[in-house]
Structures are given as C-alpha cells and as structure tokens.
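For reference, the structure is listed below as structure tokens.
2 protein chains.
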Amino acid sequence: MSVTLRNIAKRAHVATSTVSRVLNADTSVRISEQTKRRVRAVAEELAYKPNLFARGMRVGQLPLIAILVMCRDDTMTTRKALRLNSALLSLGRQVVLIDIADPTTYHEFVDTLLRTRPEAVAIVHAIAGHEQTFQVCEKLMSAGVHVAVVDCWPPLPEHVPADAVTIDREYGAYLAATHVIELGHRHIGLVGHEASYGRREGYERALSKYGIEERYLELMRGPDDVEMTAEFAREAARRLLSKHPQITALLCNCDLSAVAALRGLHDIGLQVPCDVSLVGWDDDPWCQYLPTALTTLTQPCDELAAAGARLLGDRLNAAGGPWRREVLRPRLQVRESTAPPRCSSIAVSVSPR
Amino acid sequence: MSVTLRNIAKRAHVATSTVSRVLNADTSVRISEQTKRRVRAVAEELAYKPNLFARGMRVGQLPLIAILVMCRDDTMTTRKALRLNSALLSLGRQVVLIDIADPTTYHEFVDTLLRTRPEAVAIVHAIAGHEQTFQVCEKLMSAGVHVAVVDCWPPLPEHVPADAVTIDREYGAYLAATHVIELGHRHIGLVGHEASYGRREGYERALSKYGIEERYLELMRGPDDVEMTAEFAREAARRLLSKHPQITALLCNCDLSAVAALRGLHDIGLQVPCDVSLVGWDDDPWCQYLPTALTTLTQPCDELAAAGARLLGDRLNAAGGPWRREVLRPRLQVRESTAPPRCSSIAVSVSPR
DNA sequence: TTGAAAGCGTTACCAT
DNA sequence: ATGGTAACGCTTTCAA
C-alpha cells in the first residue's frame with residue numbers, strides 16, 4: 011500500500027504526531043531543526059503523499075476548488091470556465107470543473123459537490139435563474155465553503171454572500187451603439203435575447219445621449235440557447251429590415267447571431283457593411299476570418315479569470331471583509347462589418363469581394 | 011454536524027453494523043424485513059448521506075468518474091468532453107472534468123487526480139503525445155482505476171490497458187476527397203496539421219482509387235493549436251493556389267481552418283465554390299450561417315459520448331474481457347462550399363452574393 | 001521538544 | 001439475524 015505517517019515515523023524514529031507536525035509546518039509548537047530535517051528527508055525519500063480521505067475526515071475539507079458552470083453549447087461560457095480553471099491552478103489546490111448538464115437538478119449537483127467538501131467554489135455565468143444562484147451561494151456559504159461568482163448579469167446583489175466579478179453588458183452595448191452612431195448611423199436595430207438585459211439599457215443610453223428616438227428591437231423569449239438565438243437572429247434581421255428599410259446598423263448579442271443575421275440580410279439582398287453595418291459580441295476566433303471580418307466586442311476572459319482567482323485566493327488566505335464586487339468592461343474590436351451608412355462600394359474595398 | 015450511522019443506529023435501536031448492512035444492501039447476510047424497514051425509515055427521516063471520506067478511507071475509492079482532457083481553445087475537444095460528461099451522469103457517480111491546462115505537467119495532474127481515487131477515468135482526445143497517453147493509462151490501471159480513451163488518433167494500440175472509442179479520421183478524409191472527386195475535381199489540396207495523420211492517408215486512398223496522381227499538401231508542423239493552424243491555413247491556401255492554379259478543391263482539417271482558407275482565397279481573388287471548392291471538418295454551428303455555408307464532416311459527438319459511457323459502465327458493472335476498441339465514422343454534410351469545378355456563377359445561385 | 005492516545009464515520013470481521 | 005469492535009490514516013489534545 012501507500013506510504014503512511016507511521017511508516018515515516020518508524021524510519022525516522024519519532025512519533026507519528028511529530029511527523030504530522032513537521033509536514034504540516036505546525037507553528038504552534040517548536041520542533042528541533044534536526045528532527046525536522048530527518049523527518050522531511052524520510053518523507054521525501056518515501057515520496058509520501060497524505061491520504062486525502064483520512065485528512066479530509068479530520069479537517070473536514072479537501073484541498074479542492076470546484077468550478078460550477080452550465081456550459082450547454084455556449085463556447086464563451088465554456089471559455090470563461092476554462093480560463094478560470096487555469097487561473098485557479100495557481101492557488102495550489104486541485105481544480106475540477108462541474109458542468110451542470112441538467113439545470114432542473116442544479117441543487118442535486120450542488121449537494122453532491124458539497125459532500126466532497128471543497129474549500130471553495132466558483133460559479134461561472136450565473137445568469138439564468140437568479141433565485142437559484144442566490145440559494146446556491148447561501149447553501150455553499152453556510153457549509154463553510156468560499157464562493158466567488160464569476161460573470162453574472164445582472165450583477166450580484168450586495169447581500170448575496172459571495173465575492174463576484176462580472177463583465178458589464180450595459181457598457182458593452184453602449185460602446186457598440188456609440189460606435190455605429192459615430193459612424194453616422196441613426197436607425198439602429200438590436201437583436202438578441204431578452205435575458206441579455208443590460209444590452210438593451212446600454213443601447214438605449216447611447217441612442218438617448220445622441221437624441222435618437224427610434225428604437226428597433228428584436229428580442230427573443232424562451233430559453234437562452236445560443237444556437238436557437240442564432241436561428242432567431244437570422245429571421246429577426248430579415249423581419250427587421252423588411253419592415254424598417256431605413257435601418258442601417260444592427261447590434262447582435264453574440265458573434266454567431268451576427269453571422270446568422272448577416273445570412274438573413276443576404277437572403278433579402280442586403281450587403282454588409284454597404285447596406286447594413288453589423289456588430290457582434292464575444293470576439294470569437296471566427297470573426298477575423300469571415301469574408302467580412304466582424305466588428306465585435308471582446309470579452310476580457312483572461313482578466314475575468316484572473317479576478318476570480320484573486321477573489322478566491324484572498325478568501326483562502328483568510329482575508330475577511332465585506333463581499334467584493336468587481337466589474338470589467340468589454341472592448342470594441344473594429345473590423346470590416348461596420349462602416350458609414352450607405353457607403354459606396356469603394357469605401358469597403360478592404361473587404362476583398 | 012451531519013447525520014452518522016450511529017445516529018441512525020441509536021434511533022432505530024440497532025447496531026451501526028446493521029445499519030451499514032441495510033443501507034449498502036449487503037447480500038452476504040440476511041436481515042429481517044422489519045429491521046430493514048425501520049432502518050431505512052430512520053435514514054430517510056434524518057436525510058442520511060454517507061460521509062465520503064470515511065467510506066473512502068475504508069473502501070479505497072470515491073464514487074467519482076473523472077474526465078481528463080486538454081481543452082486548450084479547441085471547441086470540438088471541449089464539446090466531446092462535455093457530451094461525455096452528460097452521458098456519464100447516467101452511471102450514477104459524480105462526474106468531474108479535469109482540464110490539463112499545462113501539458114508539461116500532465117503527470118502531476120494525473121497524480122493529483124489519483125489521490126482522490128476515482129472509480130473510473132475517461133481520457134478525451136488523447137491525440138498529442140502518445141507515449142504519455144500510454145503511460146497514463148498504465149498508471150491509472152495499476153492503481154485499480156478503470157480507463158476509457160474517448161477519441162484518440164491513431165487508434166489506441168491493442169495492448170494499452172483501456173477501453174477505447176474513436177472517430178475515424180482516415181475515413182473522414184476519404185469521404186471528403188471522394189465527394190469532391192465525384193463532383194469532377196482532379197486537382198485537390200489538403201490543408202491542415204501534420205498530426206492529423208489519418209487525414210492524409212484517407213486523402214491518398216481516395217485519390218489513388220480514382221487514379222489521380224497529383225498531390226497538393228500543406229501540413230503544418232509544430233504544436234497543434236487550432237488558431238495557429240487556422241492562420242496557417244489562410245497562408246497555405248494562398249500559397250497553394252498561387253503555385254498550383256490548377257487546384258479546384260481544398261480539404262481542410264477543421265472548419266475554422268476552412269474559413270481562414272476561404273479568406274486566403276479571397277485575398278488572391280478566388281471565389282468559393284466557383285473557383286475553388288472547400289470542405290471543412292467538425293460541423294461547427296457557424297458553418298450553416300456563413301455567407302457560403304460550409305460543406306463539412308460532422309463528428310458524431312453524441313455517439314462518441316454514448317459509447318464512452320457504455321464502455322466505462324460495463325467495466326463498473328464488473329464486466330471482464332479484453333480491452334474493447336470501437337470506431338465511429340464522421341458523416342459528410344454537403345452545403346454550398348462545394349460544387350463542380352469552374353462552375354458558372356449560375357450554378358452557385360444558392361449562395362446569395 | 002516530543003510521545004501516546006483518542007477519535008473522525010465507515011466497513012468488515014468475529015461473536016453470539 | 002444481529003451486535004460489538006478493530007482498523008483505515010490522519011490531526012489534535014493531553015502528558016511528560
């Protein structure tokens with residue numbers, strides 16, 4: 011079997027308790043340098059690895075950080091979770107990803123997770139079902155587990171017992187809208203999912219600021235499924251521009267929706283960006299390779315992950331204080347899908363078509 | 011604290027050993043129905059959940075299945091892992107994903123994982139560094155952990171102590187090549203990564219079968235990074251068609267590479283599919299929305315996941331026998347990016363440009 | 001500064 | 001058919 015404390019104790023001619031103290035760098039007692047050295051040498055020699063179960067039984071937790079996430083087929087959510095995974099590794103615990111494959115049994119996933127008593131849990135993209143998110147935070151906290159919510163919209167309320175960092179959807183939409191407004195557009199559509207709340211507000215804010223009255227909204231109801239929203243976007247673009255031919259710019263909730271919208275525009279004979287400018291969201295690797303490279307909003311995934319790791323790291327180092335809230339901003343990435351309205355084809359010669 | 015066996019024993023007026031026997035449905039001893047009922051009632055009432063550490067210490071394992079995967083930014087690998095995750099849930103264990111964020115410390119990840127003594131491990135996309143994969147399988151097996159390798163190319167050798175299911179790259183490439191050959195193409199290029207071995211063989215097989223002698227290869231060396239390969243594909247397409255203008259079809263190693271190649275073709279004034287037909291690989295959700303929807307190979311991710319779960323499930327049910335090997339085939343998904351060579355623009359009127 | 005021993009919640013063995 | 005108890009490997013209290 012594997013090496014135990016007793017094995018070490020025997021070979022080093024000390025008691026198991028001494029070995030435990032040395033290897034755990036117990037500061038409450040002073041141990042002679044000589045003993046320390048001997049114990050450490052033997053432990054090294056035998057390649058001792060503490061039995062996690064035995065230790066867990068005593069200490070009541072595992073040196074484990076779990077990332078709770080509902081990936082579905084959403085590549086951005088998945089990417090955020092994976093980046094967080096990498097960032098958390100620096101905290102010196104085992105990191106595991108738990109994908110809530112079935113949202114209806116969210117609580118069961120949490121209960122199962124809780125039985126392994128992780129030190130900390132990070133919840134990624136807690137956007138769907140807020141009430142549930144709060145309950146989960148409560149449950150984890152009261153089980154003595156540190157919790158960080160990484161990306162959540164609307165932002166986590168102050169009273170929820172968890173640290174949080176999120177990306178500002180409202181600002182992103184404001185940025186996108188401002189971009190096309192400054193290009194000269196006045197009739198601007200918003201396509202996406204109803205649950206992307208902040209986007210609508212950001213869009214409103216920008217338009218209001220420039221004294222634009224017209225609003226063109228196509229917001230899908232129902233489950234926030236990436237591929238369904240994309241299909242919706244295709245129809246929506248078609249519908250929107252058939253009904254309101256004066257529209258010259260479209261803001262979409264994600265890049266996939268944006269290409270789908272572009273496809274919808276092609277269906278009715280409209281070109282991007284000549285006839286309609288298009289803005290995506292996410293900066294998916296695909297964007298730059300599209301025949302008309304997509305102007306989009308880059309989500310700062312790495313910074314998000316770093317912030318999440320920092321928040322949890324601080325708690326693990328026994329930092330106290332009130333729950334922290336951080337907000338990150340998306341960045342505008344201008345490419346070829348946006349141009350002044352009704353631009354000549356010369357103006358878009360950057361696009362090699 | 012939480013409910014223990016002793017709590018139940020006390021309330022049910024039996025010994026803890028009896029409770030343990032009842033709750034574990036121990037068949038080696040007969041227990042009176044009456045006692046069983048009483049014990050179960052109390053356990054139910056107190057919402058008893060076994061302490062995983064205590065049980066783990068005795069039994070030596072956790073009711074846990076781990077998925078070992080190196081996601082990087084590869085959406086298909088990630089998708090396979092996630093689908094497998096869902097499929098494994100039916101086995102009634104906790105399922106966790108472990109992302110090997112740093113390949114150079116692969117073995118450390120495995121060692122850490124091993125300390126939690128999972129019942130089974132599934133390794134997804136074991137394509138990079140075969141020697142390492144074998145070692146990991148060996149290590150896990152000798153620790154008494156069941157192993158299934160889900161998607162591995164070249165296929166896992168017979169002697170490696172693990173069950174395996176994979177997707178046939180050779181056949182996929184054969185399928186893609188045959189498709190364009192039957193459309194009338196005779197000068198066909200292959201673009202991708204050197205490590206996608208089987209693709210080259212499948213391409214060769216199809217061309218040979220039709221008596222085509224010319225080979226046009228652009229295979230990238232170095233790390234098999236999706237985004238780097240895409241960048242390479244753009245250059246490669248440009249290079250290939252500048253040097254060999256007779257080429258009329260290009261097979262790419264993934265969809266992202268295919269759009270990148272398409273971009274490269276546009277750069278030098280070539281149209282898809284009029285001038286060049288293009289085939290991708292993966293059937294990414296993006297494909298159908300591209301201005302020219304991409305013909306591609308669909309990877310049967312769900313079947314892959316189901317097979318993986320079946321393989322592991324059988325082992326967990328103590329099935330013996332030799333290591334199993336299963337192979338699944340990609341399916342051709344024809345869209346708009348392939349057409350007869352040098353087709354008139356009328357023939358591609360399906361593409362609204 | 002170090003050692004002995006109790007106890008965490010289970011399971012498994014030996015009694016009865 | 002059921003009960004008592006040792007043992008898993010560790011941490012921690014108490015004693016020396």
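Protein chains in written order, with the working numbering: chain A, 11 to 363; chain B, 11 to 363. Where is the CB? At the ideal position from N, CA and C, for every residue including glycine. Being a predicted model, the structure only gives us computed values, none of them experimental.
For residue i, the three-state DSSP class (helix, strand or coil)
{"i": "Ala25(A)", "result": "coil"}
{"i": "Cys284(A)", "result": "coil"}
{"i": "Thr14(A)", "result": "coil"}
{"i": "Met67(A)", "result": "helix"}
{"i": "Met230(B)", "result": "strand"}
{"i": "Ala205(B)", "result": "coil"}
{"i": "Val170(B)", "result": "coil"}
{"i": "Gln256(B)", "result": "coil"}
{"i": "Gln104(B)", "result": "strand"}
{"i": "Gln309(A)", "result": "coil"}
{"i": "His156(A)", "result": "strand"}
{"i": "Asp112(A)", "result": "coil"}
{"i": "Pro295(A)", "result": "helix"}
{"i": "Ala132(A)", "result": "strand"}
{"i": "Ser347(B)", "result": "coil"}
{"i": "Glu223(A)", "result": "coil"}
Residue i: contacting residues in chain A (beta-carbon distance under 8 Å)
{"i": "Tyr299(B)", "result": "Ala240, Arg244, Leu266, Val269, Ala270, Leu272, Arg273"}
{"i": "Ala64(B)", "result": "Phe63, Met67"}
{"i": "Thr122(B)", "result": "Gln104"}
Cβ-based neighbour list, residue i, same chain, cut-off 6 Å, excluding 5 preceding and 5 following
{"i": "Leu56(B)", "result": "Val13"}
{"i": "Arg89(B)", "result": "Cys311"}
{"i": "Ala22(B)", "result": "Arg48, Val49, Val52"}
{"i": "Gly199(A)", "result": "Tyr226, Leu250, Ile257, Leu260"}
{"i": "Met238(A)", "result": "none"}
Close beta carbons around residue i, own chain, < 8 Å, minus the five adjacent residues each side
{"i": "Asp265(B)", "result": "Gly290, Trp291, Asp292, Asp293, Asp294, Trp296, Cys297, Leu304, Thr306"}
{"i": "Arg363(B)", "result": "Model confidence at Arg363(B) stands at a pLDDT of 29, short of 50, so the residue's coordinates are unreliable and nothing is read from them."}
{"i": "Pro171(B)", "result": "Cys147, Glu148, Met151, Val157, Trp333"}
{"i": "His189(B)", "result": "Val289, Thr305, Leu342, Val344, Thr348"}
{"i": "Arg352(A)", "result": "Thr258, Cys284, Asp285"}
{"i": "Leu338(B)", "result": "Val175, Thr176, Ile177, Asp178, Pro310, Glu313, Leu314, Ala317"}
Heavy atom of the ligand NAD within 7 Å of residue i beta-carbon
{"i": "Gly331(A)", "result": "With respect to small molecules bound, the structure shown includes none, and the ligand NAD cannot be examined in it."}
Cβ-Cβ distance between residue i and residue j below 8 Å
{"i": "Cys262(B)", "j": "Val201(B)", "result": "yes"}
{"i": "Gly232(A)", "j": "Pro164(A)", "result": "no"}
{"i": "Ala187(B)", "j": "Tyr226(B)", "result": "no"}
{"i": "Ala51(B)", "j": "Leu33(B)", "result": "no"}
{"i": "Ala315(B)", "j": "Ala97(B)", "result": "yes"}
{"i": "Asp121(B)", "j": "Val79(B)", "result": "no"}
{"i": "Gly274(A)", "j": "Arg244(A)", "result": "yes"}
{"i": "Ile222(A)", "j": "Ser252(A)", "result": "no"}
{"i": "Leu322(A)", "j": "Ala132(A)", "result": "yes"}
{"i": "Met230(A)", "j": "His254(A)", "result": "no"}
Cross-chain neighbours of residue i in chain A, by beta carbon under 7 Å
{"i": "Arg125(B)", "result": "Lys59, Leu62"}
{"i": "Trp296(B)", "result": "Leu266, Val269, Trp296"}
{"i": "Leu314(B)", "result": "Result: empty, since nearest Cβ-Cβ is about 15 Å, beyond 7 Å."}
{"i": "Leu92(B)", "result": "Cys81, Asp109"}
Where residue i meets chain B, residues with beta-carbon distance less than 7 Å
{"i": "Ile108(A)", "result": "Val106"}
{"i": "Cys353(A)", "result": "By Cβ distance, chain B contributes nothing, its closest Cβ being about 18 Å from Cys353(A), past 7 Å."}
{"i": "Asn95(A)", "result": "Asp109, Ala111"}
{"i": "Leu99(A)", "result": "Ala111"}
{"i": "Thr85(A)", "result": "Thr85"}
{"i": "Thr88(A)", "result": "Thr88"}
Cross-chain neighbours of residue i in chain B, by beta carbon under 9 Å
{"i": "Ala252(A)", "result": "Per the sequence shown, residue 252(A) should be read as Ser rather than Ala. In chain order: nothing, as chain B lies at least about 15 Å away."}
Contact list for residue i against chain A, beta-carbon separation under 9 Å
{"i": "Glu237(B)", "result": "Pro295"}
Same chain, Cβ closer than 7 Å to residue i, neighbours up to 5 away in sequence not counted
{"i": "Gln142(A)", "result": "Tyr116"}
{"i": "Leu15(A)", "result": "Thr26, Val29, Ser30"}
{"i": "Asn17(A)", "result": "Leu56"}
{"i": "Ala216(B)", "result": "Tyr184, Ala187, Thr188, Ile191"}
{"i": "Tyr220(A)", "result": "Ile191"}
Meets three-Cβ-pair contact criterion under 8 Å: the segment 345-354 of chain B and the segment 297-312 of chain B
In short, these stretches touch, since the Cβ pair count reaches three.
Would you check if the segment 69-79 of chain A and the segment 109-128 of chain A touch, i.e. whether three or more CB-CB distances between them fall below 8 Å?
Segments in contact, yes.
Give a yes or no on contact between the segment 163-177 of chain A and the segment 105-116 of chain A, applying the rule of three or more CB pairs nearer than 8 Å.
A contact between stretches requires three or more CB pairs, one per stretch, nearer than 8 Å, and the segment 163-177 of chain A fails this requirement with the segment 105-116 of chain A.
Given 8 Å as the limit, is there contact between the segment 151-164 of chain A and the segment 175-185 of chain A, that is, 3 or more CB pairs closer than that?
Short answer: they touch.
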